[in-house]
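Asker:
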Amino acid sequence: MSELAGSRFSIIIPCHNDLDGLCACLSGIYQQKGGTSFEVIVVDDCSDMDVSERLRAQYPKVIFARLQKNSGPGAARNKGIEKARGQYIAFIDSDVVPNPLWLTSLDAEFKRGAVIICGQVRHSSKFWARLTALTAFGEYQINQNGYRRHCPSVNYAIAADVMAPFSYDETIPFAGEDVVLSTQLTNAGHSIRYLTSAWVLHNPVLSIWKYCRRSFIYGKGFRFSRARCPELSGYNLHRYLGALSSVVLFFIRSGIDFTRLAKLRKELSIELWEIPIFGAGVLFTRLVYAAGVFAGYIMMDKH
């Protein structure tokens, strides 16, 4: 049940040219069990079509906002935060579907004293989803006590009063703004609790071009996020040294991904005959990613 006044949760969904994914996400949200009150805020990051015109009749209680120009997910989430009235803010991406007990699980964990929660991301059986599982979420490691240093905003919840002094860095035009925010929050003394029961299903609809573009953007985002938070790594180098670090990063990340491939093969239902295909996909992904990192060095150097 959604209650626009006095809601316990404000669910913020940034969206850009993903109407089908957004529809699936909203369907999952409105099938939540447990009775936790919530409001839904969809922020259209200047999609080719106005999503509010397509969905307002079907979802009359959803709060729609639209950015006048494509500004990136950080700006979209900040716009959603401006409109949020819930005690807790839950961020979710348009290409995931929450499980029916997602909000109930988050609510129970907040009642146990958590102030920031990172939910689990599960992946569909589609090739792109499984390849993303090997490459895109590897750096968000969980320590032995169930806490994370960083948290992707694909499935992330925070107490509104804790979020109030912070915002997403809108000067990062690509990806990595969630890493910067997580770093700022943990540097301020807050802990990010990892919660497997608050899982969402990642089900991206991608072509090879969209996948390449996203991997390249992630690479640029890596460089920009490290510039904002130098303590994360030693990659604040001159652009020519940055080129060398990009090569080193390619081999390091590829090695990590191959280790994950061996570890997660059964979990991701990767058959033996598929291993060479996913192996090639890992190498290709990291090559494009490294190119993005180098492009980020060039762009930062010009600034």
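Position one of the sequence shown corresponds to residue 1 (full-length UniProt numbering), numbered consecutively onward.
The beta carbon of each residue, even a glycine, is placed where N, CA and C say it ideally should be.
Please read these numbers as outputs of a predicted model, since none were measured by experiment.
1) Are ILE11 and SER94 close, meaning C-beta to C-beta below 7 Å?
2) Quick one: residues in its chain with C-beta nearer than 6 Å to the C-beta of ILE158, no 5 flanking neighbours on either side, listed in chain order?
3) List the DSSP bridge partners of ALA90.
4) By DSSP's criteria, GLY98 is part of a beta bridge. Which residues make up the other side?
5) Quick check on GLN120: does DSSP put it in helix, strand or coil?
6) Which residue comes first and which comes last in the alpha helix (DSSP H) that contains ALA76?
7) Taking the C-alpha atoms as reference points, what is the distance between GLY176 and HIS190?
8) Quick check: what's the CA-CA separation for ARG265 versus PHE258?
9) Taking the straight line between their C-alpha atoms, what separation do you get for ILE252 and TYR30?
10) Just list the residues that DSSP pairs LEU195 with in beta bridges.
11) Less than 8 Å between the CB atoms is what I'm expecting for ILE41 and ILE63, so what's the real figure, rounded?
12) Nearest-angstrom Cα distance between GLY296 and PHE216?
13) With distances taken from CA atoms, which of ALA24, GLU271, ARG56 is nearest VAL96?
14) Decide if MET49 is buried, meaning its Cβ has at least 16 other Cβ atoms within 10 Å, or exposed.
15) Express the C-alpha separation of LEU134 and ALA212 in angstroms, rounding to a whole number.
16) Out of ILE277, ALA84, LEU67, TYR59, which one is the CA nearest neighbour of MET163?
17) To which residues of the same chain is VAL43 closer than 6 Å at the C-beta, ignoring the five residues directly before and after it?
18) Based on Cα-Cα distance, which residue from GLY255, GLU267, ALA290 lies nearest to GLY279?
19) Looking at the structure shown, is ALA65 part of a helix, part of a strand, or coil, going by DSSP?
20) Closest by CA to ASN203, which one among PRO60, GLY21, GLY86, ASN17?
21) By Cβ distance below 6 Å, which residues in the same chain neighbour ASP178 in space, the five residues on each side in sequence not counted?
22) If we count the other Cβ atoms within 10 Å of its Cβ and call it buried at 16 or more, is ILE290 buried or exposed?
23) If we ignore side chains and look at the alpha-carbon of each, how far apart do TYR240 and GLN32 end up?
24) Over what stretch of residues does the alpha helix (DSSP H) that includes PHE224 continue unbroken?
25) Could you check what DSSP says for ILE41 in three-state terms: helix, strand or coil?
Answerer: On the basis of the data shown:
1) Remark: C-beta atoms of ILE11 and SER94 do not approach each other more closely than 7 Å.
2) Taken in chain order, the residues that qualify are ILE89, ILE116.
3) Its beta-bridge partners are ILE11, ALA157.
4) Residue identity check: residue 98 is Pro in the sequence provided, not Gly. Looking at the DSSP output, PRO98 bridges to VAL200.
5) Three-state result, GLN120: strand.
6) Run containing ALA76: 73-83, per the alpha helix (DSSP H) assignment.
7) HIS190 has its alpha-carbon roughly 19 Å from the corresponding atom of GLY176.
8) So the two alpha carbons sit approximately 10 Å from each other.
9) Taking the CA atoms as reference points, ILE252 sits about 42 Å from TYR30.
10) For LEU195, the beta-bridge partners assigned by DSSP are GLY119.
11) Right, the Cβ-Cβ distance comes to about 5 Å (below 8 Å), so this counts as a contact.
12) The C-alpha of PHE216 is placed about 10 Å away from the C-alpha of GLY296.
13) For VAL96, the nearest C-alpha among the options comes from ALA24.
14) Flag for MET49 reads exposed.
15) As written in the sequence, residue 212 is Cys, which differs from the Ala given in the question. For CYS212 and LEU134, the gap between their C-alpha atoms comes out near 15 Å.
16) Comparing alpha carbon positions, the residue from ILE277, ALA84, LEU67, TYR59 closest to MET163 is ALA84.
17) PRO14, ALA65, ALA76, LYS79, GLY80.
18) Per the Cα distances, GLY255.
19) Residue state for ALA65 is assigned as strand, using DSSP reduced to three classes.
20) Comparing Cα-Cα distances from ASN203 to each of PRO60, GLY21, GLY86, ASN17, the minimum goes to GLY21.
21) PRO152, SER153.
22) Contrary to the premise, residue 290 reads as Ala rather than Ile in this sequence. Label assigned to ALA290: buried.
23) Here the model assigns TYR240 a pLDDT of 47, short of 50, so the residue's position is not dependable, and the following value carries that caveat. Rounded to whole angstroms, TYR240 to GLN32 spans 51 Å at the Cα level.
24) PHE224: member of the alpha helix (DSSP H) spanning 208-228, first to last residue.
25) DSSP places ILE41 in strand when its eight states are reduced to three.
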